[in-house]
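Shown next, in structure tokens, is the structure this report addresses.
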Amino acid sequence: MASRLSASRAAVPTASHPLPWQSRDTTGTPVPPDGFRSLMSAFPAGVAVVTTYGSDGEPRGLTCTSLASVTAEPPILSICLTTRGETLQALCDRGAFAVNLLHDRARHTAEVFAKPVADRFAHTEWQPSPEVGMPWLTDDAFATAECEVTHLAEVGDHTLVLGLVTGVVRRAGAPLLYGAHRFASWPGGELPGLHHSTALSTVAAGAPDASG
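Take the sequence shown: its position 29, counted from the start at 1, is 28 in numbering that gives the first Met the number 0, and no numbers get skipped.
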């Protein structure tokens with residue numbers, strides 16, 4: 000049975016005013032959507048569930064593969080979410096979110112959070128994360144990053160979100176991958192775990208450089 004714990008509102012930062020990006024006009028002709036989807040399906044990625052809380056105090060979340068490291072100093076990651084989705088709206092209102100990296104036994108959870116299921120969190124165990132208090136998928140995530148929103152940029156029908164990583168929880172586990180329209184397990188087996196730590200000490204020691 001899933002936990003129904005809510006984070007204290009006092010412990011969850013609210014959004015201030017994320018800084019805007021500059022943009023420029025383009026002159027090239029875009030490839031058709033099917034061609035672009037075909038390209039990206041050939042680029043396997045790790046599977047994450049992005050979580051936050053709505054204004055009603057209930058958890059919100061969705062499956063996301065558009066996750067990337069941006070910079071290690073300060074520790075910033077990026078995600079890209081559907082602009083009209085309720086998870087993005089909740090994330091903007093709260094000013095904070097968690098990125099739950101799923102292990103290879105969590106395919107069902109990845110599928111549930113990718114579909115219009117009424118209560119996605121009823122299908123998994125969760126509790127507030129240690130630092131920011133965001134929904135932490137304790138049974139399905141082998142690693143979780145707690146983030147505060149720093150920048151937002153609407154791009155087409157999605158919004159690019161940058162988050163400052165303020166805490167990391169990581170246990171041993173084999174990452175779940177998605178590519179070519181199917182799930183797969185990380186071929187190298189389990190990655191070692193780390194103790195819960197603040198972002199600065201953990202990211203500096205364990206994360207690859209964003210340029211790599």
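By construction, the Cβ of each residue, glycine as well, lies at the ideal position given by its N, Cα and C atoms.
Residue range of the alpha helix (DSSP H) that includes residue i
i, result
"serine 37", "32-40"
"histidine 107", "106-111"
Extent of the continuous beta strand (DSSP E) to which residue i belongs
i, result
"alanine 89", "Note, alanine 89: premise wrong, no beta strand (DSSP E); alpha helix (DSSP H) at 85-93."
"glutamate 145", "140-154"
"serine 184", "181-184"
"arginine 23", "Segment: none, arginine 23 is in no beta strand (DSSP E) and carries neither H nor E."
"valine 69", "66-70"
Rounded distance between the beta-carbons of residue j and residue i, thought under 8 Å
i, j, result
"aspartate 138", "threonine 149", "Their Cβ separation, rounded to whole angstroms, is 30 Å, which puts aspartate 138 and threonine 149 out of contact at 8 Å."
Residue i burial status per 10 Å Cβ neighbour count (16 or more: buried)
i, result
"glycine 192", "exposed"
"arginine 181", "exposed"
"proline 134", "buried"
"threonine 81", "exposed"
"serine 37", "exposed"
"glycine 162", "buried"
"serine 128", "buried"
"valine 168", "buried"
"glutamate 57", "exposed"
"arginine 23", "exposed"
"glycine 34", "exposed"
Any chain D beta carbon closer than 8 Å to residue i
i, result
"threonine 123", "Of the protein chains in this structure there is only one, and it is not chain D."
Per DSSP, cross-strand counterpart(s) of residue i
i, result
"phenylalanine 96", "Cys146"
"leucine 161", "Ser77 and His150"
"histidine 102", "Pro174"
"tryptophan 135", "Gln126"
For this session: Could you say if the segment 170-190 and the segment 124-132 meet the contact criterion of at least three C-beta pairs nearer than 8 Å?
Result: no
For this session: Say whether the segment 105-114 touches the segment 67-75, bearing in mind that this needs 3 or more beta-carbon pairs closer than 8 Å, one atom from each stretch.
Result: No, they do not touch.
Exercise. Counting Cβ pairs, one atom from each stretch, are 3 or more of them under 8 Å apart for the segment 91-102 and the segment 159-174?
Worked result: A contact exists between the segment 91-102 and the segment 159-174.
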